[in-house]
Every structure is written in C-alpha cells, then in structure tokens.
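Data first, discussion second: the structure below is written as structure tokens.
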Amino acid sequence: MFGRWMTASDVALTILFPIERQLCDHVFSGFSTAGSNCFIEVCQEATFQLLNLANTVSSGSPSKWRLFKMLDIFKQLHSLIPKFQSLFPDSTLQYQAIAVQNRLGEASRDLFMEMHNFIFRVPAAPNFFASYRKYYPMAAEVMSYVTSACRSQRTLEQILQEYSVVDNEVEASSFFLKQMEKIIRMLQKKLIVMSKKYKDPSLRHIFMVNNRSHIEAMNKSWELETILGNDWFQNNKEKIQQNLEFYKRNSWNEVLEFLKLDSNEKLALNDNITEEVLKEKIDLFNSRFEDICRVQSEWFVYDNKLREEIISSVGNILLPAYGIFVGRLQDILGNQAYKYIKYGMFEIQDLLNHLFLGKKNI
1 MFGRWMTASD VALTILFPIE RQLCDHVFSG FSTAGSNCFI EVCQEATFQL LNLANTVSSG
61 SPSKWRLFKM LDIFKQLHSL IPKFQSLFPD STLQYQAIAV QNRLGEASRD LFMEMHNFIF
121 RVPAAPNFFA SYRKYYPMAA EVMSYVTSAC RSQRTLEQIL QEYSVVDNEV EASSFFLKQM
181 EKIIRMLQKK LIVMSKKYKD PSLRHIFMVN NRSHIEAMNK SWELETILGN DWFQNNKEKI
241 QQNLEFYKRN SWNEVLEFLK LDSNEKLALN DNITEEVLKE KIDLFNSRFE DICRVQSEWF
301 VYDNKLREEI ISSVGNILLP AYGIFVGRLQ DILGNQAYKY IKYGMFEIQD LLNHLFLGKK
361 NI
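Following full-length UniProt numbering, the numbering of the sequence shown begins with 1 at its first residue and continues without gaps.
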C-alpha cells in the first residue's frame, strides 16, 4: 500500500497534475480564474485521497515499525510541498498538505523519542533456551530497528530540528546518537537478565558472547563506527573477552584441578597412595572432560573466528597440563598407565575442535 502511495503521489504531482494544469489553462485561455477553479475541481478529490492516507499513517497506533513508514511518507511529502505550492498557490490544498506533513513530522518525533519504551516488545521465544541457537531473537529484532533508524538518520535529525526538540544540526545529531546508545544499553541489560535463564553458568557467558558479537557485527555491517564511535566497539570487545574468561573459569577450572600435581605426586615413585590418587584423578578428568565435550559440542558460537579463538585458548591451558600429568602417570605406573589414559594429545585436540558446532553439525 505504502509503495503504491509513494508512486501515485509522485506521478500525480510531477506528471498528471501539471498536465491537467496546462490543459485547463489552454481551455480557459484568457479566463485564469475559471481555469484555476476547474483545475482545483478536477484534482481536489485525488489530492484528498493522497493526503488522507498520509494523515491516517500519522494518527495510527504506536508500533516499532510504523515510524519508518511515517518517515518515508514524510520525506516524500516534504519533497512534494514545493509542487503543491506551485500547482495550488491560492488553494487550501497546499495548506492541507503542509498540515499533514507537520502531523507526520510531529508523530515521527514523538515515536522516535519514545521508541525505547516499545522497541523491546518482541514475542517470546519459548523454545529458545533449549536450542542453544546463535543469538536471542530480541537482539536481532532490536538491532534491525537500530540499523533502520540509522539509515533514516538525516530525516530524523531534520524532524528533531524542525519540530522543536533541538535548535540546530549539532544538537540533533547528538540527540539521535544518545537515543541509539540508550537502546543498545537497554538491550545489553535485558540480555544479561535473559542469560540467567540458563542454569549452566558457562552457557550464560556463551549466550552473552553470541549476542554481543551479533550486535557488533550488525553495527559494523552498517558502518556505525561513525555514529557509536570507536570507544563503543572497544568496550564491547572487552566485555566479550570478560565473558570468555568467565566461561573458561566455569567450564575448565575444575578439569584443570584434576591435572594438578602436588609436591608428593611430583616426587614420589612407587608410592601406593600416590598411584591411587593419580588413578582417581585421571578417571575424574576423563569423566568430566567427556561431559563438557558432549554438552558443549551442541552449543553454538556465532562468530567462527571467535570460536577458533576460544578453542585455541582452552587448548593452550589444557594440553600442556594434560601432557605433564600423563607423563607423570607413566613414570609411576609404567605400561599400566595406558589402562587409565583414555585420550592422547591429538584426541584431546580433536574433541576440542568439535566444540560449539551446534546440534546440526554433530
């Protein structure tokens, strides 16, 4: 409907009405008043229909996507106002067009200023937290809205300035930026709350990594560095790294504890107590390592480069510790150690490489 309105209004004001004006002037040559009255009579009904649809959009109920329909119509009508003034210089039609434009501008202004109050009204995703999907639907929805707003930045800043929110272009740009930052901050806070629905602390942090990465990727795809600034991107990267550190701590610290050797275990040879302790530790390691790999192979990391970084980071702390522990176990048990050593170094690395592929890739 709105696409047809855009086309119809453009064709009417730039082609049909000017031709009709010329025809009326020709027919009523020498009788300018009669020609003008005839022209207005012919065009009035069509003009009313065009303006009524635009007016209806300005008075509709608030919704997060209605803003962009209003902005498109406002921009179109704004560009056509000079034609209204030229075609209907002595008619109320031009004033009605200006009035509709003003209502669109004011409604767009109000909706933009309150967008943070309704932008998060996204339908619930009841199965999301059992599926380990890439990022939460709310994040995608809100960031789509933010990028759409940024595409309309100039029109929004024009409206903010023309309809008494700010006094100049600099203030309009600053106000727009603050609105975008506010929405992204609110989104991040809501995602932190959402992450707590996961019982596993490690998965909470992977959830946040995925969503922060998705937000950053969308911002980069629309080149929002000029709007949000490099500081925002740097801060987001730091938060992602914090989440990754918390993930490693929650997932792998216990596993690494099983591989630690105390002073007796490092020095003792042929000590029955040391043998039993090491056997118990390797069994605990095998069990816990298997559980982590089985569960986390079904998780998913949004950014493949980040996924490789996580796996490399885990491998860098796990493989050396495992190598030292296995070497000590072989020193004490000799060939009997192979009864307890379930994984070689390459097998450990291979299992790590299968983390975060998601259920479809298992």
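For glycine and all other residues, C-beta sits at the position ideal for the given N, C-alpha and C.
### Task
Mind checking which residues open and close the alpha helix (DSSP H) that includes residue 82?
Here residue 82 corresponds to residue number 82 of the sequence shown, with the count starting at 1. Note, residue 82: alpha helix (DSSP H), 66-87.
### Alpha-carbon to alpha-carbon, residue 322 and residue 286
On the sequence shown, residue 286 is found 286 positions in, with the first residue counted as 1. On the sequence shown, residue 322 is found 322 positions in, with the first residue counted as 1. Answer to the nearest angstrom: the Cα atoms are 11 Å apart.
### Message
Which residue wins for smallest C-alpha separation from residue 57, given the options 43, 104, 28?
### Response
Within the sequence shown, residue 57 is the residue found at index 57, counting from 1. Selected option, being the one with the closest Cα: 104.
### Task
Taking only the alpha-carbon atoms, compute the straight-line gap between residue 140 and residue 119 and give it to the nearest angstrom.
Walking along the sequence shown from the start, residue 140 turns up at place 140. Walking along the sequence shown from the start, residue 119 turns up at place 119. Spanning the two alpha carbons is a distance of roughly 12 Å.
### Message
Helix, strand or coil for residue 300? Go by DSSP, reduced to three states.
### Response
The sequence position of residue 300 within the sequence shown is 300, counting from 1. Here residue 300 sits in strand by DSSP.
### Cβ-Cβ distance between residue 215 and residue 71 below 9 Å
The residue you call residue 215 lines up with position 215 of the sequence shown. The residue you call residue 71 lines up with position 71 of the sequence shown. In this structure, residue 71 does not lie closer than 9 Å to residue 215 by Cβ.
#### Entry: residue 228 versus residue 193: straight-line alpha-carbon distance, rounded
In the sequence shown, residue 228 corresponds to position 228, counting from 1. In the sequence shown, residue 193 corresponds to position 193, counting from 1. Taking the straight line from one Cα to the other gives about 24 Å.
### Query
residue 67 and residue 111 look like a contact to me (Cβ under 8 Å); what is the Cβ gap, rounded to whole Å?
For the purposes of this step, residue 67 is taken as the residue at position 67 of the sequence shown. For the purposes of this step, residue 111 is taken as the residue at position 111 of the sequence shown. Rounded, the Cβ-Cβ distance is 5 Å, consistent with contact.
### Query
Looking only at C-alpha atoms, which of 274, 277, 278, 255 sits nearest to residue 292?
Here residue 292 is taken as the residue at index 292 of the sequence shown, counted from 1. Closest by alpha carbon: 255.
### C-beta contact flag for residue 46 and residue 5 at 9 Å
Numbered from its first residue, the sequence shown carries residue 46 at position 46. Numbered from its first residue, the sequence shown carries residue 5 at position 5. For residue 46 and residue 5, no; Cβs fall outside 9 Å.
### Query
Using CA coordinates, which residue listed in 205, 211, 36 is at the minimum distance from residue 296?
Counted from its first residue, the sequence shown places residue 296 at position 296. Comparing Cα-Cα distances from residue 296 to each of 205, 211, 36, the minimum goes to 205.
### Task
Tell whether a beta-carbon distance below 9 Å holds between residue 240 and residue 208.
Reading the sequence shown from its first residue, position 240 is the one you call residue 240. Reading the sequence shown from its first residue, position 208 is the one you call residue 208. Yes; because the gap between Cβ atoms is below 9 Å, this pair is in contact.
### Query
Comparing alpha-carbon positions, which option in 113, 20, 150, 283 lies nearest residue 340?
Looking up residue 340 in the sequence shown gives position 340. For the residues 113, 20, 150, 283, the minimum Cα distance to residue 340 belongs to 283.
### Query
residue 357 by DSSP, collapsed to three states: which one?
Position 357 of the sequence shown, counting from 1, holds the residue named residue 357. Residue state, collapsed to three classes: strand.
### Query
Would you say the stretch 233-249 touches the stretch 307-324, given that touching needs at least three Cβ pairs under 8 Å?
yes
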